[in-house]
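Shown next, in structure tokens, is the structure this report addresses.
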């Protein structure tokens, strides 16, 4: 497999590991968006979160929760981001959670700034989506 994250886990590519759990690892991002940008990934290769087992998912987000406290201590605020699939902007097809320290002085903005405009839905469209998404 030609996955950079799998190669990092196999120690074929050096990185600065920060923490490890049973099914996940955390390390410094090699191309940080901010000082202290961290990635948390599952050890097993999965492209999307829903491809992971419930146990792997729980383990991943448990490590995310532990790492947020460390990252948050740098600036007081942390952006938590997951691009779940290529269409969502995922550049490496291996589940990964970005923890990016944020401050009022950085160049980033709110999630709504990523899109051209706010979507306007009719009541029937909203009801249809509600029915499809409700568990």
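Numbering (our numbering), first residue to last: 6 to 140. Glycine included, every Cβ here is placed at the ideal spot set by N, Cα and C. Computed from a prediction, not measured in an experiment: that's the story for all the values here.
Reduced DSSP category for residue i - H, G, I as helix; E, B as strand; rest coil
{"i": "residue 14", "result": "helix"}
{"i": "residue 84", "result": "strand"}
{"i": "residue 118", "result": "helix"}
{"i": "residue 28", "result": "coil"}
Boundaries of the alpha helix (DSSP H) in which residue i is found, first to last residue
{"i": "residue 22", "result": "Unbroken run through residue 22 is the beta strand (DSSP E), 22 to 25; no alpha helix (DSSP H)."}
{"i": "residue 134", "result": "128 to 138"}
Span of the beta strand (DSSP E), counted from its first residue to its last, around residue i
{"i": "residue 46", "result": "43 to 47"}
{"i": "residue 36", "result": "No beta strand (DSSP E) holds residue 36; DSSP gives it neither H nor E."}
{"i": "residue 103", "result": "102 to 106"}
Distance between residue j and residue i (C-alpha atoms, nearest Å)
{"i": "residue 21", "j": "residue 60", "result": "25 Å"}
{"i": "residue 137", "j": "residue 56", "result": "20 Å"}
{"i": "residue 23", "j": "residue 139", "result": "37 Å"}
{"i": "residue 126", "j": "residue 93", "result": "21 Å"}
Touching by the beta-carbon criterion (3+ pairs, under 8 Å), the segment 98 to 105 and the segment 63 to 79: yes
The segment 44 to 54 touching the segment 8 to 15, judged by at least three CB pairs closer than 8 Å: yes
Three-pair Cβ contact test at 8 Å for the segment 19 to 34 versus the segment 119 to 126: no
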